[in-house]
Each structure stands twice: as C-alpha cells, then as structure tokens.
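Okay, so here's the structure we're looking at.
There are 2 protein chains.
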Amino acid sequence: MDLTMFEKMQQLPLFQGMTRFEMSEIIERVKLNFCQNKAGEIFAEQGERCDRLIYVLRGKFTAEYLHAEDKYSMTEVMDGPSLIEPYNIYGLNQEYSRTYKFVTDGSTFVIDKLAFKNFLMNYDIVKANMLNIICTRCQNISKRLWLSNNGDIESKILKFLKIHSLQPNGEKRLKIKMEDLARLMGESRINVSRALNAMQDRGIAELKRKEIIIFDIEKATEGI
Amino acid sequence: MDLTMFEKMQQLPLFQGMTRFEMSEIIERVKLNFCQNKAGEIFAEQGERCDRLIYVLRGKFTAEYLHAEDKYSMTEVMDGPSLIEPYNIYGLNQEYSRTYKFVTDGSTFVIDKLAFKNFLMNYDIVKANMLNIICTRCQNISKRLWLSNNGDIESKILKFLKIHSLQPNGEKRLKIKMEDLARLMGESRINVSRALNAMQDRGIAELKRKEIIIFDIEKATEGI
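Protein sequence lines, in the order shown, are assigned to chains X and V.
Be aware that the first sequence starts at 1, since it is given in our numbering, and climbs by one per residue.
Be aware that the second sequence starts at 1001, since it is given in our numbering, and climbs by one per residue.
Listed below in structure tokens is the structure:
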C-alpha cells in the first residue's frame, strides 16, 4: 500500500484512529473511486441525490447555496481535506444542500453509500467517527439558531453570513441585490449601503455589482 | 415477555423494524431502566451531561430552553412517546439543550450511553434508525437556518417560535419582557404589543404578565 495514501486517509476524520491493517482492508475491499479533478469541475449539485460520500483530498473549491425564493446566493471558498455533507446520506431528505465546484485542480475520493452502509459502518471506529461528525454538526447548527440577530446593520450582515456558513472562517460571497439585502435585514436600502461602504473602507469587504465579498469572516466578526 | 412492552418498544423510532426475537434479546441483555415518573419531576436539565438516551413512553411534559444572555425562555408542551435528544449523546458538546419536566404522571425508559454504544449499536436496524433520526434532525434545522425572518411583526414572532421549536405543533410559551422581545424583533415596543394583542383577539395567543402563550403553533402559522 502506498504510504502517502495511508497517511492521507488517516488524516480524514472518518478514518481517524484506524490501524494500518484496517485501512489496507478497506482499500482492498471497498470500491473507492479516486479522481483527479480539473478547475471548474462541479462535483456535487444542490438538490441532487446525496448517495455517496465525497472526500475532497486536495484543492480549493466553492460551496454555493442558492436561495431562489429570497433571490440570493451565498458562496464559500473552501480547501481540502474536507468531507462533503455526511449528514445528508441518511435521513428524510437525502440531497446535497449546496453546489460544489473546484476553483483549482484537485483530487477526491468517492465512497458509494451502499459500500459505506454495508461495509465501512461495520468498523466500530467508523461508526463512532460518523456519529460524532453528524452529532457535532447538529449541535453547531442548533446553537446558531439561538444567536440573536440584533445589533447594528454591519453585525447583522456578518451574523447572517456566519449563521449560514459551512465553515467558520475563510472567504464568503453574497450575490444579492441591495434592495433584497435591505429587506432581509429589515433596514433601509440607504443604511445598508452605508454600512457596506464602511466595511469596504476598513478593508474587510469588497463591493462589486450585486455582490459582496467578505475576505475572512472570522476576522471580520471578531468581537461581535 | 410482556406483549404490551414489546408493542410499545416497536412503536419507538429507534427500534422500528426489529423482530420480536431481537427485542427480547435487548430486554434480556441491556439494562433498561423503566421508571414511573410523577407530575413535576425534572428528568433532564439544560447543560447537564447527555450520557443516556431517555424515552418518554407516556405522559405530558415540557421542554424549556433558557437563553440567559437575551433574557428569555421558551417552553414547549410535548407528549410521549418521544426520544429525548439522541443527537446529543455523541459529538463535541454532549449536553442536554433543554430542561425536561413532567406535567402529568408519566413513564420513561432510560438506556445508558455505554450500553447503547457497545450493544444496541451492533444491530443494523438500530444503527440505521439512529443515523436516520440524527440526519433528519440535522436536515430539518439546516432548513430552518435559511428561513427569512422578515414580514410583519406577528409573523416574525411566530417564525421565531417555529424556528426554535423541537416539534412543529402544539403549545409554545415565551417568557420574556415586552422590551426584550421588541429588541429581538427589531421593532418598537408599542408595535410588538399591538401585534400581540391582535393575536390574542383572534384567539391564537394568550398574554400573561411577561409571558406569551401560543396554543398551537401549526394552526397559528398557517399560511405564513
């Protein structure tokens, strides 16, 4: 077995704590689809059936959520290694919640849901890791539900991004018309515009036509 | 084995699909603590370590969430059968998120986390049921994060309750000072007070000192 592959797999949360023997067994017995991915490639789509676990091993990618009704989309820039939506391969609504697309070249490995269910989940360590990953996700988003959404407009916008993020740091982009954002925040268009310009002046945001880019949400929300 | 017990267990989501043989095996081998509970008894507390699965078999109980920082508490009135916070026995923050208290006499059975982990989770059906329960919870609360919180004051208040509820129907109570609620809603005290009185006039809410009772959140939010 390739040493680098073993070491790579051991870094992934789902396999953490596994012995080298168990890892070889998995590689021999489960069909793992290793893929090289090109920049621009979409590897999962919002609304598509989530019938596989995708591990992004390497590469920069975006996760985009489209809110059709409220007319906006939110995009996060993320880096591998990252496990894509393990909490959506079971349960009532087995759909990817976002569209994932490579920004750079990258690599993934993909585990079919059936192989995961029938083989991987028999390992106590995978079972425990999986339950810990899903429960932690559940706990994190439950806490977010209780965050109050008051304060000034700037902190409302930042909290909005934070509440809807997959990861708590990195670049976030909001594609939205100014009047739609104002409506969502319950504020006037002119006040929202002022707050965004102040954020741009302080270097935490960049304003483009119908798009707001926050360079690092963690830095931007320090002290909020 | 008592037939009623077998039938009772088969109704509980975690054991659904189990054979009578498997069920007997569980009852013989796992320490299940069957309890009779008195009205007024608190059987789990917010912040307490979640190291056991509690099944409320019978009885009316309340689930109360206290938000210390924002100075309010939200209480739901619930009925057994109900499994208490299975998504908090694994993961990073293994704590009950609410305080649970019997309103009527009731009965529960309690499974120790270790027994669950080491014995019950070896049944494929329990494993699948558990993953489905936790993932469904994850999916439900993820969706709520994307609900917009705009609209008139009445729908803001109702959505607030809906977003923070464990179950989508039944009675919800909010213990809060009018000025704190106004602050949370981003509205003036007088407008919030007017909206609440209109809800009381229509018979969907009852206002008490520092407390708002919504009799049935599902009915009240019809068409929102």
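By construction, the Cβ of each residue, glycine as well, lies at the ideal position given by its N, Cα and C atoms.
In this text, all values refer to a predicted model and were calculated from it rather than measured experimentally.
Residue i to residue j span [Cα, whole Å]
{"i": "Tyr100/X", "j": "Trp1146/V", "result": "18 Å"}
{"i": "Asn1129/V", "j": "Gln1016/V", "result": "8 Å"}
{"i": "Ser1082/V", "j": "Glu1028/V", "result": "23 Å"}
{"i": "Ala182/X", "j": "Ile213/X", "result": "16 Å"}
{"i": "Gly80/X", "j": "Thr136/X", "result": "19 Å"}
{"i": "Glu222/X", "j": "Ile163/X", "result": "15 Å"}
{"i": "Ile1153/V", "j": "Leu1174/V", "result": "15 Å"}
{"i": "Met74/X", "j": "Glu211/X", "result": "10 Å"}
{"i": "Ile134/X", "j": "Glu1187/V", "result": "36 Å"}
{"i": "Gln1046/V", "j": "Arg1052/V", "result": "14 Å"}
{"i": "Glu206/X", "j": "Leu1161/V", "result": "35 Å"}
{"i": "Gly91/X", "j": "Ser97/X", "result": "13 Å"}
{"i": "Arg1209/V", "j": "Val192/X", "result": "36 Å"}
Residue i vs residue j beta-carbon contact at 8 Å
{"i": "Phe109/X", "j": "Phe21/X", "result": "no"}
{"i": "Ile89/X", "j": "Val56/X", "result": "no"}
{"i": "Arg189/X", "j": "Met178/X", "result": "yes"}
{"i": "Lys1113/V", "j": "Met1121/V", "result": "no"}
{"i": "Ser1142/V", "j": "Ile157/X", "result": "no"}
{"i": "Leu184/X", "j": "Asn1132/V", "result": "no"}
{"i": "Glu48/X", "j": "Glu95/X", "result": "yes"}
{"i": "Ile111/X", "j": "Leu12/X", "result": "no"}
Close Cβ partners of residue i (< 7 Å) along its chain, the five nearest in sequence each way excluded
{"i": "Ser165/X", "result": "Glu76, Lys172, Ile217"}
{"i": "Phe1061/V", "result": "Met1078, Tyr1100, Lys1101, Phe1102, Val1103, Gly1106"}
{"i": "Ile125/X", "result": "Gly17, Met18"}
{"i": "Ile1054/V", "result": "Phe1043, Ala1044, Ile1084, Thr1108, Val1110"}
For residue i: DSSP bridge partner residues
{"i": "Gly1059/V", "result": "Per DSSP, none; premise fails for Gly1059/V."}
{"i": "His1164/V", "result": "According to DSSP, His1164/V bridges with nothing at all."}
{"i": "Met78/X", "result": "Phe61/X"}
{"i": "Glu1154/V", "result": "None; Glu1154/V has no bridge partner."}
{"i": "Ser1073/V", "result": "Leu1066/V, Lys1175/V"}
{"i": "Leu226/X", "result": "Nothing can be reported for residue 226/X, as the shown portion of chain X is limited to 1 through 224."}
Close Cβ partners of residue i (< 8 Å) along its chain, the five nearest in sequence each way excluded
{"i": "Cys138/X", "result": "Tyr87"}
{"i": "Lys1038/V", "result": "Phe1102, Asp1105"}
{"i": "Asp180/X", "result": "Asp70, Lys71, Tyr72"}
{"i": "Ile1204/V", "result": "Ile1214, Phe1215, Asp1216, Lys1219, Ala1220"}
Below-8 Å beta-carbon distance, residue i vs any chain X residue
{"i": "Ser1142/V", "result": "yes"}
{"i": "Leu1145/V", "result": "yes"}
{"i": "Gln1200/V", "result": "no"}
{"i": "Leu1184/V", "result": "yes"}
{"i": "Arg1194/V", "result": "no"}
{"i": "Arg1173/V", "result": "no"}
{"i": "Ile1084/V", "result": "no"}
{"i": "Ile1204/V", "result": "no"}
{"i": "Leu1131/V", "result": "yes"}
{"i": "Leu1181/V", "result": "no"}
{"i": "Tyr1096/V", "result": "no"}
Chain V contact for residue i (CB, 8 Å cutoff)
{"i": "Lys71/X", "result": "no"}
{"i": "Met121/X", "result": "yes"}
{"i": "Arg137/X", "result": "yes"}
{"i": "Ser148/X", "result": "yes"}
{"i": "Tyr100/X", "result": "no"}
{"i": "Lys159/X", "result": "no"}
{"i": "Ile163/X", "result": "yes"}
{"i": "Ile134/X", "result": "yes"}
{"i": "Asn33/X", "result": "no"}
Spatial neighbours of residue i in its chain, beta-carbon cut-off 6 Å, leaving aside the 5 residues before and after
{"i": "Val30/X", "result": "Ala115, Phe119"}
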